[in-house]
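Some notes on the structure that comes next.
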Amino acid sequence: MKVEVKEGDVTNFAAPLLVVNLFEGVKHPGGATGAVDQALGGAVSKALAAGEMKGKLGQTLLFYTYEKIPAARVLVVGLGESDKFGPEEARRAAAAALWAAEKLSIKDMATIVHGAGIGGIQPQSAAEATAIGSLLAAYRFDRYKSEEDRTKPRLENLTIIERDADKLAAFQSGVKRVEAIAWAQNFARDLVNEPSNVMTPAEFANRVEEVLSKAGAEVTVHDEVWIQKKGLNLMWGVAKGSATPPRLVVIRHKGAGDKATWIGMVGKGVMFDSGGISLKQPQGMGEMKGDMGGGAAVAGAMLAAAKLGIKRNVLGIIPAVMNSPGGRAQNPGDIVCGLDGPSVEIISTDAEGRLILADGLSYARELGATYLVDIATLTGASVVALGTRVAALFSTDEKLEKLFMDNVSQTGERLWPMPMFDEYNKQLESTAAGIKNTGGRHAGAITAAKFLEHFTDSKPWAHIDIAAKEMTDKPYSCYRKGATGFGVRTLLRFVEKWEV
Ligand code: BES
Ligand code: MN
Ligand code: ZN
Numbered sequence: 007m008k009v010e011v012k013e014g015d016v017t018n019f020a021a022p023l024l025v026v027n028l029f030e031g032v033k034h035p036g037g038a039t040g041a042v043d044q045a046l047g048g049a050v051s052k053a054l055a056a057g058e059m060k061g062k063l064g065q066t067l068l069f070y071t072y073e074k075i076p077a078a079r080v081l082v083v084g085l086g087e088s089d090k091f092g093p094e095e096a097r098r099a100a101a102a103a104l105w106a107a108e109k110l111s112i113k114d115m116a117t118i119v120h121g122a123g124i125g126g127i128q129p130q131s132a133a134e135a136t137a138i139g140s141l142l143a144a145y146r147f148d149r150y151k152s153e154e155d156r157t158k159p160r161l162e163n164l165t166i167i168e169r170d171a172d173k174l175a176a177f178q179s180g181v182k183r184v185e186a187i188a189w190a191q192n193f194a195r196d197l198v199n200e201p202s203n204v205m206t207p208a209e210f211a212n213r214v215e216e217v218l219s220k221a222g223a224e225v226t227v228h229d230e231v232w233i234q235k236k237g238l239n240l241m242w243g244v245a246k247g248s249a250t251p252p253r254l255v256v257i258r259h260k261g262a263g264d265k266a267t268w269i270g271m272v273g274k275g276v277m278f279d280s281g282g283i284s285l286k287q288p289q290g291m292g293e294m295k296g297d298m299g300g301g302a303a304v305a306g307a308m309l310a311a312a313k314l315g316i317k318r319n320v321l322g323i324i325p326a327v328m329n330s331p332g333g334r335a336q337n338p339g340d341i342v343c344g345l346d347g348p349s350v351e352i353i354s355t356d357a358e359g360r361l362i363l364a365d366g367l368s369y370a371r372e373l374g375a376t377y378l379v380d381i382a383t384l385t386g387a388s389v390v391a392l393g394t395r396v397a398a399l400f401s402t403d404e405k406l407e408k409l410f411m412d413n414v415s416q417t418g419e420r421l422w423p424m425p426m427f428d429e430y431n432k433q434l435e436s437t438a439a440g441i442k443n444t445g446g447r448h449a450g451a452i453t454a455a456k457f458l459e460h461f462t463d464s465k466p467w468a469h470i471d472i473a474a475k476e477m478t479d480k481p482y483s484c485y486r487k488g489a490t491g492f493g494v495r496t497l498l499r500f501v502e503k504w505e506v
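Residues 7 to 506 (my numbering) make up the sequence shown, in order.
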């Protein structure tokens with residue numbers, strides 16, 4: 007889908023569909039919507055008076071214009087309550103309008119920017135939200151569907167119309183920026199949506215290498231021989247049960263000078279998590295193809311950083327493995343020494359994410375990263391605690407934690423801080439090795455984070471547990487059912503805002 011910004015007046019713009027908006031409870035719309043209402047002889051106000059639409063967020067109502075204005079149809083989209091309005095609401099309104107247009111098989115649509123007027127958000131931020139909400143909503147994963155399904159009409163052109171010529175330049179640069187971000191996020195969604203018979207560690211590495219190196223990042227891929235030689239034994243222990251070999255993907259974006267520090271981002275790349283010898287229950291196991299959502303988020307954020315030329319040095323590390331039971335699989339009770347940090351007694355082979363991340367964090371430090379962030383679909387316990395829309399944030403550094411929390415209002419990717427008290431380490435004590443890889447039923451998301459902390463060498467570090475946020479089972483925000491790309495914008499914004 008192409009997004010353009012054009013100068014124009016809504017009552018004088020020719021398009022098959024024109025999108026305007028209103029807040030909940032408004033009886034007589036103003037601004038662009040008011041102008042359209044007037045031109046249509048009060049049709050919108052009448053519908054409002056009749057109670058056909060309340061302006062709830064994402065609610066839509068269609069009008070035919072009978073040539074009273076050049077646009078053939080007008081779609082009014084609700085923005086919800088004005089005091090709850092922000093960038094996320096603007097994105098959702100844009101997504102709702104796009105989905106409504108698709109149902110009408112419309113190929114070209116014009117829209118005003120959601121929320122720049124009485125919405126009270128910065129015009130540029132509103133334009134970005136309108137564009138990215140549309141671009142994320144337009145995404146589909148249909149490469150395995152029938153020809154008929156794949157060629158169904160879809161929106162091809164979105165034109166953002168703005169009357170004020172002074173705003174055009176800012177809107178245009180905003181649109182260019184979010185086009186790059188949406189492209190990167192949708193790339194991450196493709197990686198997650200692909201099933202594990204296609205998205206093997208090698209395939210993941212190939213796709214990341216192809217797309218990211220074209221965008222200007224430096225990508226190195228290490229194979230199973232290198233991984234064993236290097237001593238990434240915690241990672242190898244997880245990988246070795248599968249006939250499909252692992253890869254370690256290393257991405258560098260050098261946007262700052264030689265003296266600048268490196269931020270290391272590590273993403274969990276379990277292409278499929280069967281649980282290994284500690285085999286999972288079959289119900290819902292297919293969702294574990296998304297267990298590389300953290301790795302996909304790192305790849306997406308690195309892609310956007312490279313494309314946008316962000317002036318920071320960023321290192322992305324993705325241990326990519328398949329967690330399978332098999333004749334060569336590791337067993338509960340095994341003791342493994344990774345690249346660095348304490349030796350680990352494997353209690354459950356299903357607590358595999360922390361094992362590969364441990365080696366990923368150690369290796370990021372070895373390569374010179376002094377600030378560490380990891381992102382992973384790590385624990386069911388985090389889903390029990392926070393549900394499927396909010397990710398758990400853990401950090402040993404107040405500045406890092408605050409920066410992530412401050413970004414939530416912009417990204418709409420919700421995070422919630424969790425405690426890191428040292429008492430939780432008690433649950434990881436092992437009689438046979440340095441630590442155990444599970445800490446029992448209590449506080450499972452926290453003990454997973456405490457496990458990872460052992461591999462950070464006290465460097466400033468944040469950990470984001472995105473379990474069940476990587477995919478949605480029903481349409482939500484700007485996403486259809488399937489992969490969300492959760493984390494791409496959170497990580498990108500962190501990299502952009504981080505001062506070192
Ligand atoms: N990949 C899972 C966590 C997960 C759960 C992701 C639900 C997405 C949705 C992880 O590897 C796992 O199996 N964790 C175990 C840890 C336990 C054995 C300590 C869990 O949460 O049950
Ligand atoms: Mn697991
Ligand atoms: Zn897992």
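A virtual CB, placed ideally from N, CA and C, is assigned to each residue, including glycine.
For residue i, which residues of its own chain have a beta-carbon under 8 Å away from its beta-carbon, when the five flanking residues on both sides are left out?
i, result
"Y278", "Residue 278 is actually Phe in this sequence, not Tyr. Answer for F278: S202, M294, K295, D297, M328, N329, S330, listed in chain order."
"P348", "A439, G440, I441, H460"
"Q65", "M59, V83, G84, A102"
Excluding the 5 residues flanking residue i on each side, which residues of the same chain have their C-beta closer than 6 Å to its C-beta?
i, result
"G450", "T385, A387"
"L406", "P466, A468"
"V214", "V255, A305"
"F29", "G61, L85, S88"
"L314", "A186"
"A266", "N319"
Where does residue i land, buried or exposed, given buried means 16+ other C-beta within 10 angstroms?
i, result
"L238", "buried"
"R360", "buried"
"A190", "buried"
"T417", "buried"
"N199", "buried"
"R253", "buried"
"H34", "exposed"
"K246", "buried"
"P129", "buried"
"I269", "buried"
CA-CA distance, residue i and residue j?
i, j, result
"E185", "R499", "15 Å"
"S88", "L104", "21 Å"
"K8", "N163", "5 Å"
"K158", "A310", "29 Å"
"M477", "G273", "16 Å"
"V119", "E168", "8 Å"
"A326", "G301", "8 Å"
"A49", "N192", "38 Å"
"D114", "A21", "7 Å"
"D170", "S140", "22 Å"
"M426", "G126", "37 Å"
"V414", "R420", "6 Å"
"V494", "M291", "24 Å"
"L218", "F210", "12 Å"
"P93", "E351", "46 Å"
"K90", "V231", "54 Å"
"I362", "E134", "36 Å"
When DSSP labels each residue in this structure, what does residue i get in the three-state scheme?
i, result
"I75", "coil"
"D43", "helix"
"R371", "helix"
"I187", "helix"
"D89", "helix"
"E108", "helix"
"N513", "Past the boundaries of the shown model lies residue 513; the chain is included only from 7 to 506, so the question cannot be answered."
"L54", "helix"
"K235", "helix"
"L240", "helix"
"I324", "strand"
"K503", "helix"
"V389", "helix"
"V256", "strand"
"I341", "strand"
"A489", "strand"
"V26", "strand"
"I138", "helix"
Between which residues of its own chain and residue i is the CB-CB distance below 7 Å, once the five residues before and five after are set aside?
i, result
"I353", "P338, K442, N443, T444"
"T6", "As displayed, the chain neither begins before 7 nor continues past 506, which places residue 6 out of reach and without an answer."
"A473", "T383, L384, T385, G386, S388, V389"
Taking only runs that begin and end inside the region 394-478, name each unbroken alpha helix (DSSP H) of 4 or more residues, in chain order.
404-417, 450-459
Give the list of continuous alpha helix (DSSP H) stretches no shorter than 4 residues that lie fully inside the region 273-320.
299-314
Every unbroken alpha helix (DSSP H) within the region 162-232, with a cutoff of 4 residues, ordered by chain:
174-199, 207-220
Inside the region 110-136 only - beta strand (DSSP E) runs reaching at least 3 residues
114-117
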